[in-house]
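Residue numbers (this note's numbering), protein chains in the order written: chain Y, 1 to 75; chain U, 1001 to 1255.
For reference, the structure discussed in these notes is given below.
Encoded structure:
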């Protein structure tokens, strides 16, 4: 296996981080829907935290993308 | 890249380079006292974003009325939105920081949105731009904490209510978490913008490579995803602003 192939595999592996973000989004929105179902009046207040939380969870996946870009720069 | 796998991909796809629109192209070679101040497409789109913000608020508050019109309502909503964030998180003492946070939010928002125009350049997809923002903000909060609390500011790195034997473990963690702030702030905005635009570019690549009867599927997806990108551009500007307020609040009130 030459260095370029290894770099390509590494870039693919960096995308595995997206799985964690997927689990996080599932938990986030699942819990949010549960909370709103229990207390519909709190929806407007909860929505703020949901979007902030979503941005944080998504950022975790995108760190993996940054790693992929770094590997691409080295290859 | 020169392996057989990549050459096979590049042979089937006619010139697919989803990262092409992130390249900074120099236009005018200028230098001032040894500093490189050449203008590039990044600089031009920053100017355009600033011009758009100024134009927006000029139109909104050209002739202000007690009962606002459509443009004035939009401007007032923007003003009250940022005012709400600052007073919610920092409190009334945050008023001196309001102009800066207001400018920051609208500059990032308009950079994000202007980057969605086909053929434009997304300023916030350059790590150096977002890193400049975040390092300025975190460096400022550090300096402001010292200005306000003097040497008491070092207590910021000592968590309260932790048993003394754990201190050698907790203090380095607090310091690392403080040093990670500018990195996470910069990379979040940069990576979100880059990822979204790369995805749009890849999807548009499929529109070109697929035959006409299949091309409408990725095309429809790009139309929907452009809407999502507008939303993400707004959310990221909002997060950046909120975290700036949180950091300023930390420096002001120390936990």
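Ideal Cβ positions, reconstructed from N, Cα and C, are used throughout, including at glycine.
Quick caveat: nothing in here was measured; it's all calculated off a predicted structure.
Distance cutoff 7 Å, beta carbons only. Does residue i sit that close to anything in chain U?
i: residue 42 (chain Y); result: no
i: residue 23 (chain Y); result: no
i: residue 66 (chain Y); result: yes
i: residue 62 (chain Y); result: yes
i: residue 37 (chain Y); result: no
i: residue 55 (chain Y); result: yes
Among the options, which has the Cα closest to the Cα of residue i?
i: residue 1049 (chain U); options: U:1225, U:1061, U:1158, U:1108; result: U:1108
i: residue 1100 (chain U); options: U:1254, U:1242, U:1250; result: U:1242
i: residue 1124 (chain U); options: U:1156, U:1110, U:1102, U:1118; result: U:1110
i: residue 1047 (chain U); options: U:1195, U:1114, U:1190, U:1162; result: U:1114
i: residue 1196 (chain U); options: U:1068, U:1218, U:1230, U:1217; result: U:1230
i: residue 1060 (chain U); options: U:1067, U:1137, U:1075, U:1052; result: U:1075
i: residue 1240 (chain U); options: U:1193, U:1206, U:1209; result: U:1193
i: residue 1105 (chain U); options: U:1078, U:1128, U:1087, U:1127; result: U:1078
i: residue 1233 (chain U); options: U:1117, U:1206, U:1058; result: U:1117
i: residue 1130 (chain U); options: U:1191, U:1169, U:1179, U:1166; result: U:1191
i: residue 1040 (chain U); options: U:1056, U:1023, U:1053; result: U:1023
i: residue 64 (chain Y); options: U:1211, U:1184, U:1249, U:1227; result: U:1184
i: residue 1142 (chain U); options: U:1250, U:1028, U:1062, U:1206; result: U:1250
i: residue 1150 (chain U); options: U:1254, U:1120, U:1177, U:1053; result: U:1254
i: residue 1176 (chain U); options: U:1165, U:1166, U:1189, U:1157; result: U:1157
i: residue 1218 (chain U); options: U:1227, U:1090, U:1200, U:1062; result: U:1200
In chain U, which residues lie less than 8 Å from residue i when you measure between Cβ atoms?
i: residue 59 (chain Y); result: 1184, 1187, 1188, 1191, 1192
Identify the continuous beta strand (DSSP E) that holds residue i and give its terminal residues.
i: residue 1058 (chain U); result: No beta strand (DSSP E) contains residue 1058 (chain U), which is instead part of the alpha helix (DSSP H) from 1041 to 1060.
i: residue 1026 (chain U); result: 1026 to 1028
Determine the chain U residues that contact residue i at a beta-carbon separation under 9 Å, and present them in chain order.
i: residue 33 (chain Y); result: Within 9 Å Cβ-Cβ: nothing; residue 33 (chain Y) doesn't reach chain U, min ~19 Å.
i: residue 71 (chain Y); result: Neighbours of residue 71 (chain Y) on chain U: none; closest Cβ ~11 Å, over 9 Å.
With a threshold of 7 Å between beta carbons, is residue i in contact with chain Y?
i: residue 1131 (chain U); result: no
i: residue 1201 (chain U); result: no
i: residue 1001 (chain U); result: Because the pLDDT of residue 1001 (chain U) is 43, which lies under 50, any placement of that residue in the model is unreliable, and the question is left without a value.
i: residue 1025 (chain U); result: no
i: residue 1020 (chain U); result: no
i: residue 1101 (chain U); result: no
i: residue 1017 (chain U); result: no
Would you give the residue range spanned by the alpha helix (DSSP H) that residue i belongs to?
i: residue 34 (chain Y); result: 17 to 38
i: residue 1210 (chain U); result: Looking at the DSSP string, residue 1210 (chain U) is not in any alpha helix (DSSP H), and its letter there is neither H nor E.
i: residue 1037 (chain U); result: Looking at the DSSP string, residue 1037 (chain U) is not in any alpha helix (DSSP H), and its letter there is neither H nor E.
i: residue 1148 (chain U); result: 1127 to 1149
i: residue 1070 (chain U); result: 1070 to 1089
i: residue 93 (chain Y); result: Chain Y is shown only over 1 to 75; residue 93 (chain Y) falls outside these bounds and no answer can be derived.
i: residue 73 (chain Y); result: 43 to 74
i: residue 1108 (chain U); result: 1098 to 1114
For residue i, which residues in chain U fall below 7 Å Cβ to Cβ?
i: residue 52 (chain Y); result: 1239, 1242
Under 9 Å between beta-carbons, which chain Y residues line up against residue i? List them in chain order, please.
i: residue 1114 (chain U); result: Chain Y residues near residue 1114 (chain U): none, gap ~20 Å exceeds 9 Å.
Could you work out which residues of chain Y lie near residue i, taking near to mean beta carbons separated by less than 7 Å?
i: residue 1195 (chain U); result: 62, 65
Note down, in chain order, all residues in the region 1232 to 1253 of chain U with a beta-carbon under 8 Å from any beta-carbon belonging to chain Y. 1235, 1236, 1238, 1239, 1242
Residues of the region 1159 to 1185 of chain U whose Cβ lies closer than 8 Å to any Cβ of chain Y, in chain order: 1184
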